[in-house]
Amino acid sequence: MTALLRVRRLRTTFASDAGTVRAVDDVSFDLAPGETLAIVGESGCGKTVTALSILRLLDDSAHIADEATVEYDGVNLLALSSRELRRIRGAEIAMIFQEPTTSLNPVLSVGTQVTETLRAHRSIGRRAARQRAVELLNLVGIVDAEHRIRAYPHELSGGLQQRVMIAIALACDPKILIADEPTTALDVTVQAQILELLAELKHRLGMAMILISHDLGVVAGLADRIAVMYGGQIVEEAPTSLLFSQPSHPYTDALLQAVPRLDRPAHRLTAIPGVVPRASDWPAGCRFHPRCALAWERCGSELPTLAEESAARRVRCWLLEEPQRRSP
Amino acid sequence: MTEPHPLVEAQSLIKEFRFGGFLGTGSRVIRAVDDVTLSIARGEAVGLVGESGSGKTTLGRLILRLLEPSEGTVRFDGHDLLALDRRSLRTLRRRMQVVFQDSAGSLNPRMMVGAAVREPMVVHRLYRGRAADARVVELFGEVGLDASHVGQYPHELSGGQRQRVGIARALSVEAELLVLDEPVSALDVSVQAQVLNLLADLRARRHLTYLFIAHDLAVVRHLAERVAVMYAGRLAESAPTATLFTRPLHPYTTSLLSAIPTPDPARQATRIVLADETKRATERPRGCAFHERCPHPRKDERCRAEAPALRNVEPERHVACHYSDEPIPVPSVAARPTGHAPDDPA
Chain A
458 MTALLRVRRL
468 RTTFASDAGT
478 VRAVDDVSFD
488 LAPGETLAIV
498 GESGCGKTVT
508 ALSILRLLDD
518 SAHIADEATV
528 EYDGVNLLAL
538 SSRELRRIRG
548 AEIAMIFQEP
558 TTSLNPVLSV
568 GTQVTETLRA
578 HRSIGRRAAR
588 QRAVELLNLV
598 GIVDAEHRIR
608 AYPHELSGGL
618 QQRVMIAIAL
628 ACDPKILIAD
638 EPTTALDVTV
648 QAQILELLAE
658 LKHRLGMAMI
668 LISHDLGVVA
678 GLADRIAVMY
688 GGQIVEEAPT
698 SLLFSQPSHP
708 YTDALLQAVP
718 RLDRPAHRLT
728 AIPGVVPRAS
738 DWPAGCRFHP
748 RCALAWERCG
758 SELPTLAEES
768 AARRVRCWLL
778 EEPQRRSP
Chain B
28 MTEPHPLVEA
38 QSLIKEFRFG
48 GFLGTGSRVI
58 RAVDDVTLSI
68 ARGEAVGLVG
78 ESGSGKTTLG
88 RLILRLLEPS
98 EGTVRFDGHD
108 LLALDRRSLR
118 TLRRRMQVVF
128 QDSAGSLNPR
138 MMVGAAVREP
148 MVVHRLYRGR
158 AADARVVELF
168 GEVGLDASHV
178 GQYPHELSGG
188 QRQRVGIARA
198 LSVEAELLVL
208 DEPVSALDVS
218 VQAQVLNLLA
228 DLRARRHLTY
238 LFIAHDLAVV
248 RHLAERVAVM
258 YAGRLAESAP
268 TATLFTRPLH
278 PYTTSLLSAI
288 PTPDPARQAT
298 RIVLADETKR
308 ATERPRGCAF
318 HERCPHPRKD
328 ERCRAEAPAL
338 RNVEPERHVA
348 CHYSDEPIPV
358 PSVAARPTGH
368 APDDPA
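Here you go:
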């Protein structure tokens, strides 16, 4: 498999009053052309910072470690000048965010915002850009696009705003779409519309996608492969069906048990004890060990590496070396 | 229930908000809650679900009389809340408490969390001095917080811990009714399960009555015995939890259930994808508020012209749909077809 995107040893830290915050700590993964990779985890696990680091969308308080590389099409994005990076960002790799309301410019019409991206990256005339904008709005399922193109963001519902965001992201036929919690701010019936749309676009356009979400239900229907993050690190990475049917890392397993779901009897939920750790204060050893039911001494002192359990799966857990501890 | 009367009886509640305009001209009216009747038996846990803007939070506030209804009545334990003078209302308020979604916003950032739990019991003259201090520690234990947290400030606690403080505060005055407004929506999955289990335990132990307001049906299913579904300010359907989830009668309930993503790639239900909401709350359509988005094949002129009344169709079951006798089937949970047909979702 030739990777379209190859992330290696990504470490992103922030300087803060509480000391250095290690938000992303040694993250490596590949993304194949046309593939959808989901990055899943709870708040503070580093999933959003991972995405923002790829496109270098972080502010000055962030520092990406020198040994980190993000190779796209053979080029290390982290080594590019801002000018060179701008040619890729928005054109080759596009991103959509959780809150369409805050991502769209309130004083520009929808049409202006879609054509703006086109005109920034392509030498295209005003009229042709407008024509393409209408096509894009149609593509994302906005009916009456000729009319809607003149609308301002506040005149649109949250679902329509997110469709516009997707249209802007798709304007230059990106090879990769990074979607950061694209449906979290939406109502569940609207979320269903957007998920259908993303599934359809992925199929029709064949683009690769990095889907960032806290919701295992959302990723189950869309992702080919899932990376589960905890404490700034990937703790398990596997094809979607394998991850859901046979989770290997105790955190993945516990997370699946903790989700209230409709397809099973309403039994008492299996909660994960303790609290989600803060990025300024990761526990020593395995970062999940204080909350892990299977942890032993080694887990509290040594950080496991992300090791290949099989050709399909990587897991960061000492159980890989001592599997007999799994059955009490 | 052999209770002489329900603990909460909301009768024909209407709440209108007026906004915009100038000196009474050109203003618009939103009917956030539109003729809702709901009763909650003592010890019952009722889930109130709906999407944003459906009026569920407003209804919760009307029941607590944190908002004055435009029309209708609310009775708590037989007392008409709207007829009470301030003093009697205050005495009654002790018995009904609210827990909000945003625990950071509902706790005073400059007050230690122990003091936040202590304050209501002193105000209501239940405990004072050392007895109050001891009671705070007891309550912390009851909600699963360590006594060492008493002297901490809200920002020093995690979201889950703060939500436990909010619950302890509601319990400190021996409340009988808790209105839980999205109490776990802001929490991470691993912590959400802890708080849901805590709420279930507390209810069993203290025989509490819950009105559990949430947008997440899967969460509600774990706590509520009965669920009421709101759409555009009205009740669309109410039924015992198990019945509602297995045999919904209102097409909106069915759509809502089908829209919830299943965390299992092998069991992806075919979603009913609704058309987008195009109307604002000020310009709700005539007739059934849901008719423009309704996927029911029998939808017709009647739905466009006449708003369906909430009818008692079976014991403990109410539904507001003209065609509830032919409910649309819940989509079967089946493997998602790989060749997805790119038809126009709108």
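From first to last, the protein sequence lines stand for chains A and B. Each residue of the first sequence is one higher than the one before, counting from 458 in the numbering used here. Each residue of the second sequence is one higher than the one before, counting from 28 in the numbering used here. Glycine is no exception: its CB is placed at the ideal position from the N, C-alpha and C atoms.
Counting along the chain, no alpha helix (DSSP H) covers Val497(A); the unbroken beta strand (DSSP E) around it starts and ends at Thr493 to Val497. A distance below 9 Å separates the beta carbons of Val218(B) and Val733(A). Here Arg102(B) carries a strand assignment [DSSP, helix/strand/coil]. Contact annotation, Leu643(A) with Gly674(A): C-beta distance approximately 14 Å; criterion of less than 8 Å not satisfied.
Residues of the same chain with a CB within less than 7 Å of the CB of Ser670(A), apart from the 5 flanking positions on each side, are Ala495, Val497, Glu638 and Val676 in chain order.
In this structure, Arg771(A) sits near Glu765(A), with a CB-CB distance shorter than 9 Å. Taken in chain order, the complete alpha helix (DSSP H) segments of 4 residues or longer contained in the region 576-635 of chain A are 583-596, 602-605 and 615-627. Excluding five sequence positions before and after His706(A), the CB atoms of its chain that fall closer than 6 Å to its own CB belong to Val692, Glu693, Val772 and Cys774, given in chain order. Glu549(A) places its beta carbon 9 Å or farther from that of Arg463(A).
By the criterion of at least three beta-carbon pairs nearer than 8 Å, the region 742-756 of chain A is not in contact with the region 534-543 of chain A. Using a CB distance below 8 Å, no part of the region 157-177 of chain B faces chain A. Between Gly757(A) and Ala741(A), the C-beta gap is smaller than 9 Å, which places the two residues in contact. When Cβ-Cβ separations below 9 Å define contact, Val300(B) makes contact with chain A.
With respect to chain A, the C-beta atom of Arg329(B) has no partner C-beta closer than 9 Å. Within chain B, the residues Asp215, Val216 and Ser217 have their CB atoms less than 7 Å from the CB of Glu499(A), given in chain order.
About 7 Å separates the Cβ atoms of Leu153(B) and Glu201(B), confirming a contact at the 8 Å cut-off.
When DSSP states are grouped into helix, strand and coil, Pro278(B) belongs to the helix group.
Only residues of its own chain outside the window of five on either side were considered, and among them Ser518 have a CB closer than 7 Å to the CB of Ala472(A), listed in chain order.
The beta-carbon of Phe239(B) is placed no less than 9 Å from the nearest beta-carbon of chain A. Separation of the CB atoms of Ala259(B) and Val73(B) is rounded to 20 Å, and the pair is thereby denied contact status at 8 Å. Gly547(A) and Pro631(A) have their C-alpha atoms some 7 Å from each other. Per DSSP, reduced to three states, the secondary structure at Gly74(B) is strand. Leaving aside the five residues that flank Ala159(B) on each side, the residues in its chain whose CB is nearer than 7 Å to its CB run, in chain order, Arg145, Met148 and Val149. Beta-bridge annotation (DSSP): Asp482(A) is paired with Arg468(A). Just so you know, the alpha carbons of Arg331(B) and His318(B) end up roughly 6 Å apart. Straight through space, the alpha carbons of Leu654(A) and Val597(A) are spaced by roughly 7 Å.
Chain B has no Cβ within less than 9 Å of the Cβ of Asp523(A). Rounded to whole angstroms, the separation of the alpha carbons of Leu284(B) and Arg274(B) is 10 Å.
When the five nearest sequence neighbours on each side are left out, the beta carbons in the same chain lying within less than 7 Å of the beta carbon of Pro181(B) are those of Ala131, Leu134, Pro136, Val140 and Arg189, in order along the chain.
Counting the other CB atoms within 10 Å of its CB gives Asp291(B) a total of 16 or more, which places it among the buried residues.
Exposure of Leu93(B) is indicated by the presence of fewer than 16 other C-beta atoms within 10 angstroms of its C-beta. Segment contact: the region 38-45 of chain B against the region 54-73 of chain B, three or more CB-CB distances shorter than 8 Å; contact assigned. Between Leu204(B) and Arg122(B) the beta-carbon gap is near 7 Å, inside 8 Å, which marks them as a contact. Scanning the region 179-244 of chain B for uninterrupted beta strand (DSSP E) segments of 3 residues or longer gives 204-208 and 236-241, listed from N- to C-terminal end.
Per the coordinates, the alpha-carbon of Arg191(B) lies some 13 Å from the alpha-carbon of Gly731(A).
In this structure, Cys348(B) lies away from His242(B), with their beta-carbon atoms at least 9 Å apart.
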